[in-house]
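> In this note's numbering, the protein residues as written are 2 to 453. Where a beta carbon is used, it is the ideal one built from N, C-alpha and C, also for glycine. If you're wondering where the values come from, they're calculated on a predicted model, not measured in any experiment.
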Amino acid sequence: MGHVVRMTLAGTLGITFVFLVDAANLFWIAQLDQPRLMAAIGFAFAIQYFSVSAGIGLMIASTALVSRRIGEGDKELARRNATSAAMIAFVFQSIVAAMIFIYRHEIVALSGATGETAALAARYLAMSVPTLGIMAISMIANGTLRAVGDGKRSMLVTLTSGGVAMVIDPIMIVTFGWGLDGAAIGLNISRVVMLFMALRFAIGTHNLLALPSVSGFLETAKPYFQIALPAILAQMATPVGNYMLTAVMAPFGDEAMAGWAVVGRLTVVAFGGIFSLSGAIGGIFGQNYGARSYDRLRCTYRDALIFGFVYTAVTWGVLILCKPLILSGFALAPMGIEVVTAFLYVGAGGFVFAAALFVATTAFNALARPTWATLTSWVRDGVMTLPFALVLSGWFDAPGVIYAQAIVTVLVGGVAAWLGWRYVCSLGREQLPKLDLAPPRPYAHADRFRRR
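1. Can you tell me whether residue 115 is helix, strand or coil according to DSSP?
2. Going by the beta-carbon positions, is the gap between residue 66 and residue 302 smaller than 7 Å?
3. Output needed for residue 71: all residues of its chain with C-beta closer than 7 Å, excluding positions within five of it in sequence on either side, in chain order.
4. Pick out the complete beta strand (DSSP E) segments inside the segment 135 to 198, 3 residues or longer, and give them in chain order.
5. Beta carbon of residue 393, beta carbon of residue 401: below 7 Å?
6. Which word fits residue 432, buried or exposed, when buried means at least 16 other C-beta atoms lie within 10 angstroms of its C-beta?
7. Let me know the beta strand (DSSP E) ranges lying completely inside the segment 332 to 395, each 3 residues or longer, listed in chain order.
8. When burial is assigned at 16 or more other CB atoms within 10 Å of the CB, is residue 177 buried or exposed?
9. Under three-state DSSP, which class holds residue 398?
10. Report the option in 299, 174, 418 whose CA atom is closest to the CA atom of residue 357.
11. Could you check where the alpha helix (DSSP H) with residue 49 kicks off and where it finishes?
12. Mapping the DSSP letters down to three states, classify residue 104 as helix, strand or coil.
13. With 16 other CB atoms within 10 Å as the buried threshold, where does residue 293 fall?
14. Relative to the C-alpha of residue 381, which residue among 406, 123, 22, 369 is closest?
15. Which runs of the alpha helix (DSSP H) spanning at least 4 residues fall entirely within the segment 309 to 334, listed in chain order?
16. Between which two residues does the alpha helix (DSSP H) carrying residue 236 extend?
17. Tell me whether the beta-carbon of residue 314 lies closer than 7 Å to the beta-carbon of residue 282.
18. Whole angstroms is fine: what's the gap from residue 286's alpha carbon to residue 212's?
19. Would the beta-carbon of residue 47 fall within 7 Å of that of residue 244?
20. Considering Cα atoms alone, identify which of 237, 21, 327, 251 is closest to residue 391.
21. Quick check on this structure: which residue in 426, 180, 91, 45 has the alpha carbon closest to the alpha carbon of residue 297?
22. Would you say residue 305 touches the ligand ATP, meaning its beta carbon is less than 6 Å from a heavy atom?
23. Between the segment 50 to 58 and the segment 174 to 193, do at least 3 Cβ pairs fall closer than 8 Å?
24. Suppose you measure from the CA of residue 138 to the CA of residue 397; what does that come to, to the nearest Å?
25. Determine the burial state of residue 423: buried for a count of at least 16 other Cβ atoms within 10 Å of its Cβ, exposed for fewer.
26. With DSSP as the reference, label residue 75 as helix, strand or coil.
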């Protein structure tokens, strides 16, 4: 339990701070007292979620691969794998950025945005997606720090970039009066800072990145994509679900979308520990799997479930207590208040089972069952989310979207946790012979061998 908690808390502080900066970004936009701006950033977040999730999938694959090489004792191969993974991620995310930039107006329209709100969301995307390639390299480099168990420096990377954003966001958004443009510029600057810090520690401290080479790419590509493609598919399920929920929420107006944007920020800030848990245990799973320490694998899975349950339960209670501060801080209109209140009382509770789902999918990705992770994620977000959202939003209006998300998470998260535990327990178990063996055939004429 201690190793899981230390690695998770180290990552939690960093990732929560980054998400807190993102929430502060929305807070400063809220001070401009224009719900349309908050609605626009809500639409943009639903679209950017796709690219960020793809980056997380690439990072999960590289962390699993590098940690496995380290567990096997082959650091030189780990270096080559990490470098090639960074190059692959850069090219992949650059292509994604180009596609979003070119088709941003069409993508925004599909999400349900209209008029000036749609134009603002498209402008924000045009200014923020060009640095996705930079973010991809920094995420891979930061993942290598986790792969060797250096949670402290991994945390420092995110703290530094987030600290820069925390300082410059209010200046650009409010003081200069740049609004969404200022928010996009601040995001780009923080990504550059994150790249510098991640490379400094990955190369300067641990020497975990080598010079790129064709041979390194060729030996890395197959095992990397075997993990990365299912991991990306699994990670993409969540933004698909969020995109569909955004489309269901959009007809209720800019006020509801402003509340939905606040829910998105509250989710990642309050439950940053769960996202960090997923990243932390991926490296632990990979090292123990490479070293064939199956008992420690089972202990890690169990401890991660316990930690996730306790963390989410405590966080849920804190969110309920902070309700007055949250509602007043973001200056929400009545419909937005209804959406956020539904999340605080019901939606946040569903994250108890979201934690179990994240633990299970991380185990599947790190332990040679990535297609299982993909299947469970898509059942939740691609199959069950939209029908539940359509039905419950018809019954409860905008808050019904929140209720649907919670119910689906409880159902799928419980099943995924059970499947993950069964699979982890099956690893390393030798097949013992049956107890009731057929008796051996007796010797013919055994009396011949008796001493007379």
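Walking through what the data contain:
1. Coil.
2. The beta carbons of residue 66 and residue 302 sit no closer together than 7 Å.
3. Contacts found: 79, 148, 149, 288.
4. Within the segment 135 to 198, no beta strand (DSSP E) run of at least 3 residues lies entirely inside it.
5. Contact: yes.
6. Unreliable placement is indicated for residue 432, whose pLDDT of 41 sits below 50; no coordinate value is reported for it.
7. Fully enclosed beta strand (DSSP E) runs of 3 or longer: not present.
8. That one is exposed.
9. Here residue 398 carries a coil assignment [DSSP, helix/strand/coil].
10. When only C-alpha atoms are compared, the closest one is 418.
11. Residues 36 to 72.
12. Coil at residue 104, not helix or strand.
13. The residue in question, residue 293, is exposed, as its Cβ has fewer than 16 Cβ neighbours within 10 Å.
14. Nearest C-alpha to residue 381: 406.
15. Listed in chain order, the complete alpha helix (DSSP H) runs (minimum 4 residues) inside the segment 309 to 334 are 324 to 330.
16. Its alpha helix (DSSP H) spans residues 215 to 250.
17. Taking 7 Å as the Cβ cut-off, residue 314 and residue 282 do not qualify as a contacting pair.
18. So the two alpha carbons sit approximately 28 Å from each other.
19. Against a cut-off of 7 Å, the Cβ pair of residue 244 and residue 47 comes out as a contact.
20. Selected option, being the one with the closest Cα: 251.
21. Put simply, of 426, 180, 91, 45 the residue whose alpha carbon is nearest the alpha carbon of residue 297 is 426.
22. Among the ligands in the structure shown, none appear at all, so the ligand ATP cannot be discussed.
23. No, because fewer than three Cβ pairs between the segment 50 to 58 and the segment 174 to 193 fall closer than 8 Å, the two stretches do not touch.
24. For residue 138 and residue 397, the distance between alpha carbons rounds to 43 Å.
25. Per the 10 Å Cβ criterion, exposed.
26. Residue 75 sits in coil when the DSSP states are folded into three classes, being neither helix nor strand.
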